[in-house]
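Input: a single structure, listed below in structure tokens.
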Amino acid sequence: MLIPLCALSYLCINGGNDVALAANILFYSSALMLYFYPSIRVIRCAKQDRTSVLWLNLFFGWTGIGWLLVLYRALVIGAEEE
Numbered sequence: 005m006l007i008p009l010c011a012l013s014y015l016c017i018n019g020g021n022d023v024a025l026a027a028n029i030l031f032y033s034s035a036l037m038l039y040f041y042p043s044i045r046v047i048r049c050a051k052q053d054r055t056s057v058l059w060l061n062l063f064f065g066w067t068g069i070g071w072l073l074v075l076y077r078a079l080v081i082g083a084e085e086e
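Numbering (the numbering used here), first residue to last: 5 to 86.
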């Protein structure tokens with residue numbers, strides 16, 4: 005989903021029209037939601053687990069490996085809760 009939005013915003017950037025603005029808003033909001041997906045996934049878990057995943061995601065999520073490890077932790081915590 006992010007790749008077509010990125011291409012659309014790149015193609016429309018020269019015009020500066022409403023389509024480019026909408027594509028940019030949609031792209032950046034989707035990227036932000038994807039970045040914080042592990043934290044969103046553990047919202048209903050215990051406070052300690054939730055806090056640890058949030059801090060790990062915030063500080064190490066920008067690295068690809070860090071984000072995958074935080075996602076794994078969030079999925080394991082979610083499986084333990086169920």
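Glycine is no exception: its CB is placed at the ideal position from the N, C-alpha and C atoms.
Length of the line joining the Cα atoms of Ile69 and Val23: Mapped onto the sequence shown, residue 69 falls at position 65. Mapped onto the sequence shown, residue 23 falls at position 19. The straight-line gap from Cα to Cα measures roughly 34 Å.
For the segment 30–37 against the segment 61–77, are there 3 or more C-beta pairs whose distance is under 8 Å? no
Rounded distance between the beta-carbons of Ala78 and Pro42, thought under 8 Å: The sequence position of residue 42 within the sequence shown is 38, counting from 1. The sequence position of residue 78 within the sequence shown is 74, counting from 1. That pair is a contact at about 4 Å.
For Leu73 and Leu58, I'd like the C-alpha separation in whole angstroms. Working through the sequence shown from its first residue, we reach residue 73 at position 69. Working through the sequence shown from its first residue, we reach residue 58 at position 54. Leu73 and Leu58: Cα-Cα distance of roughly 12 Å.
Taking the straight line between their C-alpha atoms, what separation do you get for Ser56 and Leu36? Numbered from its first residue, the sequence shown carries residue 56 at position 52. Numbered from its first residue, the sequence shown carries residue 36 at position 32. Rounded to the nearest angstrom, the two C-alpha atoms are 19 Å apart.
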